[in-house]
Every structure is written in C-alpha cells, then in structure tokens.
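Just so you know, the sequences run in chain order A and B.
Counting the first sequence from 1 gives a position; the working numbering is that position plus 63.
Counting the second sequence from 1 gives a position; the working numbering is that position plus 91.
Every residue gets a Cβ at the ideal spot worked out from N, C-alpha and C, and that includes glycine.
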Amino acid sequence: MTESVRTRGSISRRLTLQLAAIAALLALLSWGMIRGFSQQAAEQTQDNILAASVTAIAEELRSEAGQIRLEIPYAAFSMLGAINEERVFYRIVSDGETLTGYDDLPVVQDGEISAGVTFETLTYRGDSVRMAMVGRTLFASERAVPVLVAVAQTRNAVDAISARISRAAALVSVAFFVLAAGLSFWAARVSLRPLTAMAQTVARRGPSDLSPFETTAPHEIAPLLAALNRFMDRLSASLSRSEDFIAEAAHRVRTPLATVRTQAEIALHAVTRDENKEIMRRVIRAVDESSRSAGQLLDHAMVSFRTDNLTRNDVDLVDLVTEVVNGLRPTAEMKDIRILTELSPLRVQGDAILLQNALRNVLDNAIKYSPADSRVTITLRQAGAGAEIRICDQGRGVNGADTATLTERFRRGENVGNVVGSGLGLTIAHEVARAHGGRLDLAPARKGTGTCVTLSLPFS
Amino acid sequence: MRHAFASILLSAALIALAGAMAAFEVEEHGRFPGTPADGPELRLIGTAELRVFAPLIEDFQRRHPEITVDYTTASSAEIFRALMEEQARFDLAISSAMDLQLKIANDGFARSYTSRETTRLPSWARWRDQVFAFTSEPAVVVISPERFEGLELPRSRHQLVSLLRDHPERFRGAVGTYDVRESGLGYLFATQEARSSDAFWRLAEVLGRLDVQLYCCSGQMIDDVASGRLAMAYNVLGSYADQYVDPRSELEIVTLEDYRNVMLRTVLIPATAQDPARAGLFVDHLLRSGNAANFEGPRILPPLRDPAMRDTSDFGPIRLGPALLVYLDELNRTAFLDAWSNSVEQP
Numbered sequence: 064m065t066e067s068v069r070t071r072g073s074i075s076r077r078l079t080l081q082l083a084a085i086a087a088l089l090a091l092l093s094w095g096m097i098r099g100f101s102q103q104a105a106e107q108t109q110d111n112i113l114a115a116s117v118t119a120i121a122e123e124l125r126s127e128a129g130q131i132r133l134e135i136p137y138a139a140f141s142m143l144g145a146i147n148e149e150r151v152f153y154r155i156v157s158d159g160e161t162l163t164g165y166d167d168l169p170v171v172q173d174g175e176i177s178a179g180v181t182f183e184t185l186t187y188r189g190d191s192v193r194m195a196m197v198g199r200t201l202f203a204s205e206r207a208v209p210v211l212v213a214v215a216q217t218r219n220a221v222d223a224i225s226a227r228i229s230r231a232a233a234l235v236s237v238a239f240f241v242l243a244a245g246l247s248f249w250a251a252r253v254s255l256r257p258l259t260a261m262a263q264t265v266a267r268r269g270p271s272d273l274s275p276f277e278t279t280a281p282h283e284i285a286p287l288l289a290a291l292n293r294f295m296d297r298l299s300a301s302l303s304r305s306e307d308f309i310a311e312a313a314h315r316v317r318t319p320l321a322t323v324r325t326q327a328e329i330a331l332h333a334v335t336r337d338e339n340k341e342i343m344r345r346v347i348r349a350v351d352e353s354s355r356s357a358g359q360l361l362d363h364a365m366v367s368f369r370t371d372n373l374t375r376n377d378v379d380l381v382d383l384v385t386e387v388v389n390g391l392r393p394t395a396e397m398k399d400i401r402i403l404t405e406l407s408p409l410r411v412q413g414d415a416i417l418l419q420n421a422l423r424n425v426l427d428n429a430i431k432y433s434p435a436d437s438r439v440t441i442t443l444r445q446a447g448a449g450a451e452i453r454i455c456d457q458g459r460g461v462n463g464a465d466t467a468t469l470t471e472r473f474r475r476g477e478n479v480g481n482v483v484g485s486g487l488g489l490t491i492a493h494e495v496a497r498a499h500g501g502r503l504d505l506a507p508a509r510k511g512t513g514t515c516v517t518l519s520l521p522f523s
Numbered sequence: 092m093r094h095a096f097a098s099i100l101l102s103a104a105l106i107a108l109a110g111a112m113a114a115f116e117v118e119e120h121g122r123f124p125g126t127p128a129d130g131p132e133l134r135l136i137g138t139a140e141l142r143v144f145a146p147l148i149e150d151f152q153r154r155h156p157e158i159t160v161d162y163t164t165a166s167s168a169e170i171f172r173a174l175m176e177e178q179a180r181f182d183l184a185i186s187s188a189m190d191l192q193l194k195i196a197n198d199g200f201a202r203s204y205t206s207r208e209t210t211r212l213p214s215w216a217r218w219r220d221q222v223f224a225f226t227s228e229p230a231v232v233v234i235s236p237e238r239f240e241g242l243e244l245p246r247s248r249h250q251l252v253s254l255l256r257d258h259p260e261r262f263r264g265a266v267g268t269y270d271v272r273e274s275g276l277g278y279l280f281a282t283q284e285a286r287s288s289d290a291f292w293r294l295a296e297v298l299g300r301l302d303v304q305l306y307c308c309s310g311q312m313i314d315d316v317a318s319g320r321l322a323m324a325y326n327v328l329g330s331y332a333d334q335y336v337d338p339r340s341e342l343e344i345v346t347l348e349d350y351r352n353v354m355l356r357t358v359l360i361p362a363t364a365q366d367p368a369r370a371g372l373f374v375d376h377l378l379r380s381g382n383a384a385n386f387e388g389p390r391i392l393p394p395l396r397d398p399a400m401r402d403t404s405d406f407g408p409i410r411l412g413p414a415l416l417v418y419l420d421e422l423n424r425t426a427f428l429d430a431w432s433n434s435v436e437q438p
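See below:
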C-alpha cells in the first residue's frame with residue numbers, strides 16, 4: 064500500500080540534518096572560541112614577560128650626580144630569550160631624549176606615560192611587534208624627570224602558536240562534528256523507532272482485522288494511535304452496515320421475486336390458452352431477468368467489498384471449477400449444451416468465493432450466449448507462473464469488441480439480441496482477476512464461431 | 092690547494108686596495124678561484140685568520156669546485172659595522188663575537204635559512220634560523236712553563252688571583268689579556284665572566300696592579316707567550332692555542348675549572364647577500380664540519396661538540412639570545428668599560 068502514498072521529506076533525515084547542523088554550528092563556535100582563547104593566552108604570555116622585562120629595567124633606573132643612570136639587567140633580556148626566539152627592541156626615553164636603545168622605536172610622548180605597564184601592537188621595521196611600556200619619574204638636578212622604558216618583541220611566535228592551536232582546534236572540531244553527526248543519525252533513528260514499530264504492526268494486520276491496537280506508544284505518538292483506533296472503529300461499523308445492507312437488499316429483492324416466479328409457474332400451468340401461456344412465459348422470463356440482475360448487482364457489491372479486503376487462502380482450482388460446472392449444468396442441459404472440462408490439478412492463493420463467482424459469471428455468460436445443442440469447453444492449465452482457466456463457447460462471438468470495453472460496468476456487446484443480461488458478468492470476473500493480480504482476456508475462438516474467455520491467475 | 096695558495100695574495104697593496112674600497116678596516120684578503128674561474132662567487136667575511144679558515148674553504152671547493160670563494164678577515168666590530176652601517180655585500184659573515192652576530196640578526200640584517208643540517212643543530216646552537224654555531228671554543232689560560240717554574244699551575248680564578256698576588260715580581264708586565272675596548276671577543280668573554288664569576292673584578296684589580304699587557308688578538312698573545320715575553324696569557328681562544336701548542340709543546344694550556352667561558356663561532360647570511368642559495372651550501376658545509384661525528388675534512392677549528400657529548404648545553408656555552416644585547420647597550424658598555432679601565436689601568 065505504501066507505493067500509493069505520496070511521500071514528502073523524511074522525519075529521520077530532517078532530524079539528522081537539523082542535529083548535524085546544530086553540531087556544525089557548535090563545532091564552529093568552539094573552534095572560534097579555542098582560537099580566540101589561544102590567541103589571547105599566547106598574547107598574555109608575551110605581555111607578561113614583556114611587562115616583567117620593562118619592570119626589571121625600570122627598577123634599575125637611578126639618578127646619579129644629576130644624571131639618569133641605567134644598567135640594563137641581564138635578566139631583563141634573557142627572560143625574553145627564554146620563552147621564544149623573537150627579535151627584541153627597546154628604547155629608554157628620559158625627558159624626551161633617547162637615553163639608550165633604538166631611537167626610531169615609536170613610543171608615546173612624555174605627557175602620556177603611565178606608571179602602570181601599558182601595551183601596544185605596532186609595526187616596526189616591517190614586522191608586527193608587541194611593545195610594553197612603563198613610566199617612572201626620577202629626581203635629577205632637583206627636578207622631576209619622566210623616564211619611559213619600552214621593550215618590544217616581534218609576534219611571530221604568538222602567531223605561530225595561535226596558528227598551531229587553531230589547526231589543532233579545527234581538527235578537534237571536525238572530529239567533534241563527525242561524531243555528533245553520527246550520533247544525530249543514530250538518535251534520529253532511535254527516536255523514530257516507535258513510529259516504525261507501529262507502522263509494522265499496522266502492516267502485519269490481516270485485511271479484516273479492525274480491532275483496536277493494544278500496544279503502548281510514546282506520549283507523542285499516542286494521539287495518532289488513538290485516532291487510528293477511532294478510525295478503525297468507524298470503518299468497522301461502516302463495513303458491518305454495508306454488509307447488513309447487502310444481506311438486507313438480497314433478502315428484500317430475491318424473496319418477493321421468487322414468490323412471483325412460483326406464482327407465475329402455477330399460473331402457467333393453470334391457463335389453457337396458448338396466448339396466455341405465452342404471456343406467462345414472458346412474465347417468468349422477465350422475473351428471471353430481474354432476479355438475475357439483482358443477483359449480479361449483489362454479487363458485484365459483494366465482489367467490490369471482498370476485493371477491497373482480499374483474503375488469500377489455498378484454493379484448489381479443480382474443485383472450484385467442478386463445483387461451478389455442477390451448479391450450472393442444469394441450466395446448460397435445458398439448452399442441450401454440453402460442458403466439456405479438461406482440468407490439470409492446480410492451486411492458487413486467493414479468495415475462493417470471489418473466484419467461484421467470477422467463474423460462474425463467465426460460464427453463465429458462455430451458456431447464455433451459446434446456441435442450443437452446442438459445446439462449452441473449460442480448460443484449466445498452467446501458463447507461466449500462474450493458472451489459466453479458458454472457457455470457450457460456440458456462440459455468436461463478440462464481434463471484434465475489445466476486452467476493455469466489454470468489462471466496463473453495465474456495458475453489453477452490440478449483438479446480444481434478445482438474450483437477457485445486466486452487463487455485469489464480465490465486469491465482476493475482470494475485477495476478481497485484477498484483485499488477484501491476474502487478468503481477463505476475451506478472444507474469438509480459434510476455429511468456427513464463438514468466444515474464448517481466459518482468466519489468468521498467478522500462483523501467489 | 093696548490094693553485095689556491097698561489098692565489099692567496101696577502102700583499103700590502105691588495106689590502107690597501109681593499110681598504111680603500113671599503114670604509115671598514117680589512118686585515119687580510121684571500122681569493123680561492125673555482126674551476127672555471129668565472130663561475131659563481133661567494134664573498135665571505137670573518138674574524139678567523141685566513142690561515143685558520145683556508146682549509147675549510149678548500150674542503151668546500153672539493154665539493155663545489157665551480158664556486159670561487161673570496162674571504163676577507165676583519166675584526167668582529169668591523170664586520171658589524173660593514174654589515175649594519177655600510178650594507179657591504181657579503182654572502183656570509185662568520186664571527187666569534189656572538190653578541191654582534193646576534194644583534195645583526197635581531198636588527199633584521201640577516202636572512203633566514205633552513206636545511207637538513209640547520210634543523211639537526213641543537214636549539215642552543217642556533218637562533219631564529221639565522222645565526223648558526225659551528226664551533227665551540229673555550230677561553231683558556233696559556234702559560235709559559237719556563238716562566239712558571241717552581242709554581243703550581245692554577246686550577247681556578249681564586250688560585251690564579253692568589254698566585255699573581257703572591258709573586259708580583261715574577262708577573263709584573265708579563266701577563267697578557269684582551270683589551271676589551273678593542274676586541275669584540277675579549278669584551279664578550281669579559282662581560283660573560285663578570286656576570287658569572289665574582290673573581291673577575293678581583294682578577295682585573297690584580298692584573299691592573301701587575302701592569303697587564305693588553306692585546307687585540309689571541310694570536311699575538313700566544314706568540315708573545317711562546318717567545319717568552321709573557322709568562323701567561325689570560326682568556327685566550329683555546330682553538331688558537333691548540334695550533335701553537337701541538338708542534339712545540341712548550342706552552343701549557345690551562346682550563347680553569349670554576350667557570351668555563353665557551354664561545355660559539357657563528358655564521359649568518361647577511362640580508363645583503365648576493366647569492367643566498369650558495370651561501371646556504373657553505374653554511375651546511377660549516378655545520379657539517381662542526382659536527383664531529385661525520386666530518387672527515389681537516390680539523391683546524393674545534394667541533395661544536397664532541398661526539399660523546401649529549402645534546403645539552405651542560406658544558407656552558409654562552410647562550411645565543413637577546414640577553415647578548417644587554418652588554419651591547421651603550422650605557423652598559425660605557426659603564427662596564429669604565430669599571431674595567433679603572434681596574435686594569437692603574438696609575
């Protein structure tokens with residue numbers, strides 16, 4: 064039945080994609096954060112060591128005989144060399160004059176120097192450098208002299224460390240994403256498992272099993288299950304109403320017709336005048352026609368119902384054909400029609416009642432359209448992966464009309480003449496064949512006049 | 092080898108010519124033509140005397156005969172000046188003054204170079220892929236056994252100070268050391284020693300009282316010890332001393348045990364190099380020569396480390412790093428030289 068349902072999208076896929084997208088977002092976010100933190104940490108390390116260096120130098124500043132004196136401590140630079148191999152630049156500015164160092168190192172002007180360590184990132188000699196500065200005021204020649212100490216280092220190592228951590232973080236993020244995507248797929252599958260289980264429960268049900276589901280369902284699926292149960296309840300009620308109606312209709316129509324026919328038979332025997340006898344015969348024929356039509360209508364209704372809920376049982380076709388033939392033999396004998404059978408022992412999976420009905424309708428048609436004193440041949444044989452029941456008569460043929468036309472509801476051949484019929488016989492047979500996955504074919508008999516109707520049924 | 096020697100022109104005329112062309116002072120100049128003679132040329136400048144460095148160049152030419160090598164000897168200060176101030180065009184600068192080499196690199200006047208050889212160097216023997224060490228040369232005391240007769244050889248600076256103090260008559264005017272104001276290497280040794288040993292300033296005082304003789308270079312000091320003019324030369328390059336001591340065996344080399352000053356001879360490719368790729372070949376050659384384990388060529392300069400030595404800096408070489416800039420700072424230099432002059436030059 065699934066092939067007849069139009070599907071759009073998949074909850075599992077959508078859930079997986081959504082979870083994977085969230086994972087991707089988180090992975091990207093974590094990568095960015097690790098990158099940021101590592102950059103910060105690397106810069107912080109460099110800032111700390113630069114701060115220690117400028118502080119160490121600033122502490123060596125002293126004033127001697129009105130002069131600012133300084134001996135840069137060895138440790139101030141050796142500590143810089145201990146953590147990386149960056150180039151080092153420094154400048155000590157006293158009262159606006161470069162005391163020592165690289166006089167082109169751009170440092171802030173005296174007015175802005177602060178006693179705390181300040182940092183700056185700038186470009187010096189074509190390289191990006193990080194510079195730490197600290198100010199100190201000394202008294203020389205009885206006046207305050209502001210001194211600024213600046214130490215700068217290139218930032219290649221910081222960038223290299225950040226790049227390395229960034230690469231590692233990217234790898235971790237990708238791994239995290241792959242793992243999360245896998246888990247998403249699994250989670251989507253697991254959370255949809257109850258739904259799949261329910262679908263399987265429904266699919267496993269027999270066609271006539273309309274009892275409510277007793278299985279437990281997760282909170283989210285419970286309403287669906289309840290709705291399904293209510294729907295099946297209504298369907299079951301509606302079905303039993305139709306069955307009741309069919310039975311009721313059959314009863315209401317057939318019983319009075321039977322009474323009328325009996326009464327007409329009695330009247331036929333009672334009347335003596337030939338023209339009256341003829342009238343009565345016509346009445347009987349009309350009643351027969353009505354009775355037959357009603358029967359076929361009910362048959363058709365029954366067939367429609369049963370094909371919608373096809374049950375498949377093991378059916379012995381020989382028994383089935385024999386039974387149908389025996390049932391119609393009296394009718395055939397009234398017209399001196401001989402029914403010849405040629406039966407191979409074959410079995411199919413299907414609804415015996417439907418198959419019987421179909422066969423009876425075809426055979427009935429054959430007898431009906433056959434001239435008196437002729438033959439109807441029934442052949443049961445294997446054809447490919449199925450059984451084939453062929454019923455050939457010596458009647459007037461179908462005059463070239465095709466199968467599709469003749470199997471339409473209430474459609475009768477153009478040369479039916481005075482033969483009674485509702486036009487439902489072949490329709491019923493056709494629908495039964497189709498419900499069983501088989502087909503019904505009409506063809507002119509190979510020799511002489513007549514028609515062959517072939518009912519093909521696959522074994523399973 | 093033969094044609095190389097033939098072309099080593101040490102004539103005063105050439106030196107004068109080279110001196111006229113360059114504003115910096117050239118001590119020696121040698122040219123080692125390749126075959127063919129008009130092939131590529133590498134211009135080297137170094138502190139090592141031509142006689143010390145020539146075998147390394149000849150060995151290099153055995154591998155790369157097409158390369159003509161031009162070698163100029165200059166003092167480390169002149170090399171520094173040539174590269175930093177005059178942007179003289181040299182493909183390699185090879186110097187014993189680690190501090191000046193480091194400053195050249197720190198101030199952006201050196202090129203980066205990496206090869207299999209450079210990456211095999213221990214971390215203490217290179218800086219920024221720009222400065223590479225290929226020898227380790229300790230500072231030693233060279234002693235004339237003759238003048239030391241009857242005295243016990245000193246094993247530490249303390250013993251040395253006591254010895255000099257106890258025999259002023261014997262050592263007056265007979266002890267030589269670097270004039271740290273002139274010699275870059277002398278200044279490097281002195282500053283490192285001052286930083287590491289409390290005996291340095293006491294020794295300087297004693298030397299000053301004994302009218303110490305000041306020299307520019309290790310070679311002259313060793314010559315004077317050999318000739319008997321000096322009883323002792325303090326802080327001489329061990330590598331130079333070895334070359335003198337072996338043939339004559341008249342000189343005694345003493346390594347003081349309290350603190351060993353080990354200089355690493357370094358090479359760098361200046362930013363002005365014309366042919367950095369071939370300069371790299373020479374760097375690799377020097378580094379191979381510095382690796383005692385795999386160098387088969389003539390050994391004039393000591394290797395960077397003995398094969399037995401592990402990859403540590405246990406033997407205490409002067410560390411390559413920005414700390415070397417500290418004593419190059421003008422204020423520090425002035426302060427140090429003032430203190431040193433006051434100690435050594437006593438009225």
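Measure the alpha-carbon distance for residue i versus residue j and round it to whole angstroms.
{"i": "B:Q365", "j": "B:Y269", "result": "35 Å"}
{"i": "A:W249", "j": "A:F240", "result": "14 Å"}
{"i": "B:A179", "j": "B:P131", "result": "18 Å"}
{"i": "B:G121", "j": "B:L141", "result": "7 Å"}
{"i": "B:R351", "j": "B:P245", "result": "14 Å"}
{"i": "B:V435", "j": "B:R293", "result": "10 Å"}
{"i": "B:L139", "j": "A:E205", "result": "As written in the sequence, residue 139 of chain B is Ala, which differs from the Leu given in the question. Between B:A139 and A:E205, the C-alpha separation is close to 51 Å."}
{"i": "B:R356", "j": "B:S253", "result": "32 Å"}
{"i": "A:G99", "j": "A:T108", "result": "14 Å"}
{"i": "B:Y278", "j": "A:M96", "result": "50 Å"}
{"i": "B:L377", "j": "B:L193", "result": "18 Å"}
{"i": "B:V297", "j": "A:A203", "result": "36 Å"}
{"i": "A:I228", "j": "B:R211", "result": "25 Å"}
{"i": "A:I112", "j": "B:A295", "result": "35 Å"}
{"i": "B:M323", "j": "A:V156", "result": "45 Å"}
I believe residue i touches residue j by the beta-carbon criterion, under 8 Å. Please report the beta-carbon distance rounded to the nearest angstrom.
{"i": "A:G458", "j": "A:P434", "result": "7 Å"}
{"i": "A:A429", "j": "A:D456", "result": "4 Å"}
{"i": "B:L135", "j": "B:D182", "result": "7 Å"}
{"i": "A:A195", "j": "A:V214", "result": "6 Å"}
{"i": "B:M354", "j": "B:E240", "result": "Actually they do not touch by this definition, with Cβ atoms about 31 Å apart."}
Comparing C-alpha positions only, which one of the options sits nearest to residue i?
{"i": "A:R315", "options": "A:L422, A:S354, A:I131 and A:V237", "result": "A:S354"}
{"i": "A:V237", "options": "A:D427, A:S367, A:A86 and A:V387", "result": "A:A86"}
{"i": "B:S318", "options": "B:A224, B:P236 and B:T282", "result": "B:P236"}
{"i": "B:D375", "options": "B:F123, B:T138 and B:R154", "result": "B:R154"}
{"i": "A:V439", "options": "A:A506, A:C515, A:T370 and A:T490", "result": "A:C515"}
{"i": "A:S141", "options": "B:Y418, B:E243 and B:L422", "result": "B:Y418"}
{"i": "A:R193", "options": "A:A506, A:V151, A:S247 and A:Q130", "result": "A:V151"}
{"i": "B:D314", "options": "B:A426, B:V266, B:T363 and B:A128", "result": "B:V266"}
{"i": "A:R344", "options": "A:M261, A:E328 and A:T200", "result": "A:E328"}
{"i": "B:E348", "options": "B:R300, B:C307 and B:E284", "result": "B:E284"}
{"i": "A:T490", "options": "A:E311, A:A446, A:K510 and A:S367", "result": "A:S367"}
Helix, strand or coil: which one does DSSP assign to residue i?
{"i": "A:V170", "result": "coil"}
{"i": "A:T325", "result": "helix"}
{"i": "A:S75", "result": "helix"}
{"i": "A:S523", "result": "coil"}
{"i": "A:N147", "result": "coil"}
{"i": "A:I441", "result": "strand"}
Can you list, in chain order, the stretches of the beta strand (DSSP E) that have 3 or more residues and sit fully within the segment 166-195 of chain B? 183-186
Residue ranges of each alpha helix (DSSP H) within the segment 202-241 of chain B, 4 or longer: 207-211
Report the start-end ranges of each beta strand (DSSP E) in the segment 324-372 of chain A that is 3 residues or longer and not cut off at the edges. none
Beta strand (DSSP E) runs contained entirely in the segment 159-247 of chain A, provided each spans 3 or more residues: 160-164, 181-187, 190-203 and 206-217
What are the uninterrupted segments assigned as beta strand (DSSP E) that are 3 or more residues long and contained completely in the segment 308-378 of chain B, given in chain order? 323-328, 343-345 and 353-361
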